[in-house]
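One structure below.
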Amino acid sequence: MNRRRFLTLTAGAMAAQLLGARAGGAAPARTPNVIIIYSDDVGYGDVGANGAKLIPTPSLDRMAAEGLRFTDAHCAAATCTPSRYSLLTGEMAFRKQGTGILPGNANMAIDPGQFTLGDVFQRAGYRTGVIGKWHLGLGAGPIDWNGVIQPGPADIGFDYAFLMPATNDRVPCVYVENGRVVNLDSADPISVSYEEPLDAQTPGTEYPDGKLNPEAMTYYPSTHGHNNSVINGIGRIGYMKGGRQALWNDESMADTFMAKARAFIEENRERPFFLHFCSQDIHVPRAPHARFRGKSALSYRGDAMVQLDWTVGEILNELARWGLEENTIVIFSSDNGPVYDDGYRDGTTVHTSTAEIDGGHDASGAYRGGKYQIYEGGTRVPLIVRWPGTVSPGVSDALISQVDFLASFAGLLNQAVPDDAARDSRDCLPALLGKDAQGSPLILEQANRLAIRKGSWKYIEASTNAKTRQDSPPELYDAAIDVGEQNNVIAQHPDIAQSLAELLKKHKEEGLR
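Be aware that the sequence shown starts at 6, since it is given in the numbering used here, and climbs by one per residue.
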């Protein structure tokens, strides 16, 4: 029996023993609830437990002290849509067209009927819910925002959905609950365009065009690319008319999502549930509630991180309220690395993630780069797993990828993964439970090009930028001595580079399973 099979069986047996008789060998306990708190644009160094000094994160620090904090955990890609796709499907997003950063009127990137993480839990008898940022598209054709929007999360394993359809910097700026826009006035129909401004004949409330009327951006100005329809004084990507009564309030968004999370937990407290809670905090436009303003030393971005930390604390408090702490696995992670000025004049000064430090804060910690980049800062993200009484507190250096969540929870719940599904997802349950210090033997990373990590070695493939026609040569780094990826050692280790290039090619073609 090989080591990985042994560890998987050991973790599975431990989980089965735990679930069968947690209360002193008396009544069988139910399977654990699972909550994934999926943050947006939070870098490894944005969390106090990972070294942040200018942003107070007491709830996350508490979670880290009470749980297992990972130092080498990765989202699948350095941008949001592909990471979210990979987490839910167990498949690297580069394998499928239409999984790049989606506009707000895009159709569903996940096909109805495609096996997902939600399906794993549904088939195990869980009540499943997704709350917060979606950004995986909706519908299967032109979206009618004024009717029932199908397909949606209900078609890929979620019983309940309360969504921001795309991102907070994209129209439409409304919530969608179980396929319908919340608080929509039928006399003020919604129209959305990502090509041209909507003409005067299109019905519905008209919003200022940020290009023609920059003075309408009263919350703060756009620095680049966020100056189409102006909603709530903030320029957005894309054009929208109508839906004034349904518009979200940017500053109360965290409160809205948290209220829905509380209701979901309370409603399902007596049955197993899975909640995929997707925070929009610190994604632009950063608009923390007034009670969080000035709570960090880093203006809007830092204050929004404090707001996110509050959300984490509220979820933990809600579990304690219903006596669910020891029967709930809570996971905190991020969809990609950090970004600074991503379109608004909000107190950040570094363009996107082109420099490491902004305002004295290095959001990616010791790692190079951030959002949009193939370097470790783009995909190495915070990961904390808390399961009191089961997962021992500590720190793990195990190599983990979010693409493995699907197979890992399928293993925990004894659910079979179809042969034609989740082609990149492997059962890493032992590592997630702190029983395996190694984790995955290798992982893939995605940005503008692909990379492979095996042990401390990282190989980045060559690529050509189609727009600039500039070539990026292959790169090789040894994280054991160069965690910041400052020294490309491909010339010194051509044999290692060749071996990793061949492995990357193999897994690009065949998958990781």
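Backbone N, C-alpha and C fix where the C-beta goes; we use that ideal spot for every residue, glycine too. Small disclaimer: the values here were computed from a predicted structure and weren't measured.
Annotated as distal: Thr-223 and Gly-247, with beta-carbon spacing of 8 Å or more.
For Ile-320, the uninterrupted alpha helix (DSSP H) run begins and ends at 304–326, by DSSP.
Counting the other CB atoms within 10 Å of its CB gives Leu-143 a total of 16 or more, which places it among the buried residues. Between Thr-84 and Tyr-377, the CB-CB gap stays under 8 Å. Inter-residue distance for Ala-266 and Ser-468 is about 42 Å (C-alpha atoms, whole angstroms). For Ser-191, the closest alpha carbon among the candidates Gly-56, Asn-151, Ala-268 is that of Asn-151. Between Asp-66 and Ala-78, the beta carbon gap of about 17 Å keeps them out of contact (Cβ cut-off 8 Å). Between Gly-299 and Lys-58, the alpha-carbon positions lie close to 15 Å from each other. Collapsing the DSSP output to three states places Met-222 in coil. DSSP lists Ile-362 as the beta-bridge partner residues of Asp-367. With respect to the 8 Å criterion, Arg-428 and Ser-445 are not classified as neighbours on the basis of their beta carbons. For Ala-78, the three-state secondary structure derived from DSSP is strand. Thr-133 and Arg-274 have their C-alpha atoms roughly 12 Å apart. Collapsing the DSSP output to three states places Val-181 in a strand. Inter-segment contact for the segment 114–124 and the segment 489–497 is absent: fewer than three beta-carbon pairs are separated by less than 8 Å. Taking C-beta atoms as the reference points, Leu-329 and Asn-110 fail to come closer than 8 Å. Gln-451 has Ala-82, Leu-455 as its beta-bridge partners, per DSSP. The distance from the Cβ of Asp-214 to that of Asn-233 is about 7 Å, consistent with a contact at the 8 Å cut-off. The beta carbon of Gly-348 is closer than 7 Å to those of Asp-174, Ser-227, Thr-228, His-229, Gly-230, His-231, Val-289 in its chain, skipping five residues each way along the sequence. Judged by DSSP in its simplified three-state form, Phe-278 adopts strand. By the CB criterion at 8 Å, Leu-303 and Ile-60 fall inside the cutoff.
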